[in-house]
Amino acid sequence: MGKVCSNLTRRFRMGNPITEPRINWKYLNAFAKLVGVLPIGKPLNFYSFTGKDGSEIIAKDDCPPLYAPWTIDFFFLADIHNFGFWNGEEKYEGPLFGTLGGKKVKGSDLLYKLLLRAFIRDPFELSGPWLRSLSKKRWEEIMTDDNGGVTLLATNERWELTRALGEWFIAHTPPAHMGSRWVANIVSAFHRPAQQMLSRLTDPVRGVPGFKEDPLKKKALLFMMTLANRPEHFLIPEKSFVWRPIVDYHLMRLALRLGLVMLPTDWVSENTERKFTSPKREKAVRRMVFRAVEQIIKKSGRPMAEIDNTMWSARRFCQEVEEPNCAQCAFRNSCAQRTELFQPIIRTTAY
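Numbering (the numbering used here), first residue to last: 38 to 388.
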């Protein structure tokens with residue numbers, strides 16, 4: 038590892054800058070060391086969260102109640118639509134916000150609340166083969182907040198993806214389950230018991246519309262982690278199962294600001310100005326962040342669920358558009374503080 042670092046240093050000294058994203062081992066090792074000893078809260082369980090006084094607060098407006106028969110159906114659809122929560126046609130202009138009950142709601146939280154509202158009203162409508170019959174008008178009605186249709190959520194692309202999921206269920210659901218409330222249960226669709234080993238689900242989930250398009254399987258992994266972490270424990274990881282990194286744009290932004298991954302010099306202005314990048318560049322950054330997080334998992338001894346929770350919590354001090362508060366951040370002594378950097382900007386259904 039030292040040889041790799043010295044070779045990179047030598048290339049810079051010789052005036053030969055990198056042409057592809059690279060791991061910065063100095064900051065990666067420092068971050069992994071810190072994460073290895075840092076107190077980390079409980080992984081997200083997609084049902085509740087811990088209040089400041091240590092009490093459990095049920096996320097009743099965001100997630101299904103315990104043992105709701107449509108819980109898996111809900112997360113299946115919600116996670117497939119877990120992408121693209123930002124505005125801008127020529128560059129990044131800001132995160133998606135909506136208003137519900139007079140309160141400002143952001144991104145994926147808005148999606149979850151809107152879908153939960155629809156599921157509570159009629160879970161059959163958004164489950165399994167019935168998705169194939171969902172009209173564009175009804176989808177637009179579901180994706181409506183206090184002020185009307187939410188533009189980024191009520192798109193033709195999302196509606197067509199929803200209908201494609203319904204077609205997938207028609208092709209994969211056993212006829213005996215077609216009239217069942219559990220028809221959209223991913224495990225039933227695969228002819229397997231509810232508590233199914235995770236490693237056996239990786240490939241089948243990867244073939245589902247909305248999941249199959251992403252080689253890094255961000256949404257598929259998020260879906261499986263949700264089922265494993267929910268209090269019902271729909272899926273049980275075997276001891277040998279290792280969670281792969283779940284790389285979204287929040288994680289990429291933090292990885293660049295922390296210094297875990299370096300950008301080529303001629304990519305920096307595009308990134309800091311939040312302009313659209315090319316698919317080739319986006320792929321290169323995302324894959325390098327994926328590899329960096331793999332190393333952090335390995336070096337820190339912490340599983341992906343804890344790494345994800347840690348980096349997610351860092352957003353309190355290192356948000357998308359607000360000025361970062363480095364003085365309050367737990368990572369300040371192992372961070373490059375490249376706060377001008379951002380995630381690569383590209384329209385994709387992957388994350």
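Glycine included, C-beta positions come from ideal geometry on N, C-alpha and C.
All of these numbers come straight from a predicted model, not from anything done at the bench.
Residues bridged to residue i [DSSP beta-bridge criterion]
{"i": "residue 399", "result": "Outside the shown range of the chain, which is 38 to 388, sits residue 399, and nothing can be said about it."}
{"i": "residue 313", "result": "382"}
{"i": "residue 123", "result": "132"}
{"i": "residue 276", "result": "According to DSSP, which records beta bridges pairwise, residue 276 is partnered with nothing at all."}
{"i": "residue 86", "result": "94"}
{"i": "residue 326", "result": "Paired residues: none, contrary to the question."}
7 Å Cβ cutoff met for residue i and residue j
{"i": "residue 342", "j": "residue 80", "result": "yes"}
{"i": "residue 68", "j": "residue 111", "result": "no"}
{"i": "residue 134", "j": "residue 141", "result": "yes"}
{"i": "residue 381", "j": "residue 319", "result": "yes"}
{"i": "residue 120", "j": "residue 386", "result": "yes"}
{"i": "residue 183", "j": "residue 150", "result": "no"}
{"i": "residue 104", "j": "residue 267", "result": "no"}
{"i": "residue 315", "j": "residue 73", "result": "no"}
{"i": "residue 321", "j": "residue 297", "result": "no"}
{"i": "residue 352", "j": "residue 294", "result": "no"}
{"i": "residue 88", "j": "residue 95", "result": "no"}
{"i": "residue 65", "j": "residue 356", "result": "no"}
{"i": "residue 290", "j": "residue 368", "result": "no"}
{"i": "residue 348", "j": "residue 300", "result": "no"}
{"i": "residue 163", "j": "residue 118", "result": "no"}
DSSP-derived helix/strand/coil call for residue i
{"i": "residue 368", "result": "coil"}
{"i": "residue 79", "result": "coil"}
{"i": "residue 349", "result": "helix"}
{"i": "residue 99", "result": "coil"}
{"i": "residue 185", "result": "strand"}
{"i": "residue 134", "result": "strand"}
{"i": "residue 249", "result": "coil"}
{"i": "residue 220", "result": "Residue placement at residue 220 is poorly supported in this model, since its pLDDT is 35, which falls under 50; the coordinates still yield a value, given next. Correct three-state label for residue 220: helix."}
{"i": "residue 390", "result": "No statement about residue 390 is possible, as the shown extent of the chain runs from 38 to 388 and does not include it."}
{"i": "residue 73", "result": "helix"}
{"i": "residue 360", "result": "coil"}
{"i": "residue 284", "result": "coil"}
{"i": "residue 376", "result": "coil"}
{"i": "residue 64", "result": "helix"}
{"i": "residue 104", "result": "coil"}
{"i": "residue 180", "result": "coil"}
{"i": "residue 191", "result": "coil"}
{"i": "residue 173", "result": "helix"}
{"i": "residue 159", "result": "coil"}
{"i": "residue 269", "result": "coil"}
{"i": "residue 205", "result": "helix"}
{"i": "residue 387", "result": "coil"}
{"i": "residue 354", "result": "coil"}
{"i": "residue 340", "result": "coil"}
{"i": "residue 254", "result": "coil"}
{"i": "residue 244", "result": "coil"}
{"i": "residue 306", "result": "helix"}
Local Cβ density within 10 Å of residue i, reported as buried at 16 or more and exposed below that
{"i": "residue 279", "result": "exposed"}
{"i": "residue 310", "result": "exposed"}
{"i": "residue 144", "result": "buried"}
{"i": "residue 365", "result": "exposed"}
{"i": "residue 277", "result": "exposed"}
{"i": "residue 54", "result": "exposed"}
{"i": "residue 159", "result": "exposed"}
{"i": "residue 122", "result": "buried"}
{"i": "residue 115", "result": "buried"}
{"i": "residue 273", "result": "exposed"}
{"i": "residue 90", "result": "exposed"}
{"i": "residue 165", "result": "buried"}
{"i": "residue 255", "result": "buried"}
{"i": "residue 270", "result": "exposed"}
{"i": "residue 108", "result": "buried"}
{"i": "residue 371", "result": "buried"}
{"i": "residue 284", "result": "buried"}
{"i": "residue 208", "result": "exposed"}
{"i": "residue 161", "result": "exposed"}
{"i": "residue 195", "result": "buried"}
{"i": "residue 282", "result": "buried"}
Beta carbon proximity, residue i to chain C, threshold 7 Å
{"i": "residue 267", "result": "You won't find chain C in this structure, because it holds only one protein chain."}
Residue i Cβ short of 6 Å to the ligand GDP heavy atom set
{"i": "residue 97", "result": "Ligands are entirely absent from the displayed structure, and the ligand GDP is therefore not among its contents."}
Does the contact criterion of 3 or more C-beta pairs under 8 Å hold for the segment 292-307 versus the segment 244-254? no
Inspect the CB distances between the segment 167-179 and the segment 197-205 and report whether three or more fall short of 8 Å. yes
Cβ contact check for the segment 246-266 and the segment 73-91: 3 or more pairs under 8 Å: yes
Does the count of Cβ pairs from the segment 307-325 and the segment 51-65 closer than 8 Å reach three? yes
Any chance the segment 116-136 sits against the segment 182-189, with 3 or more Cβ pairs inside 8 Å? yes
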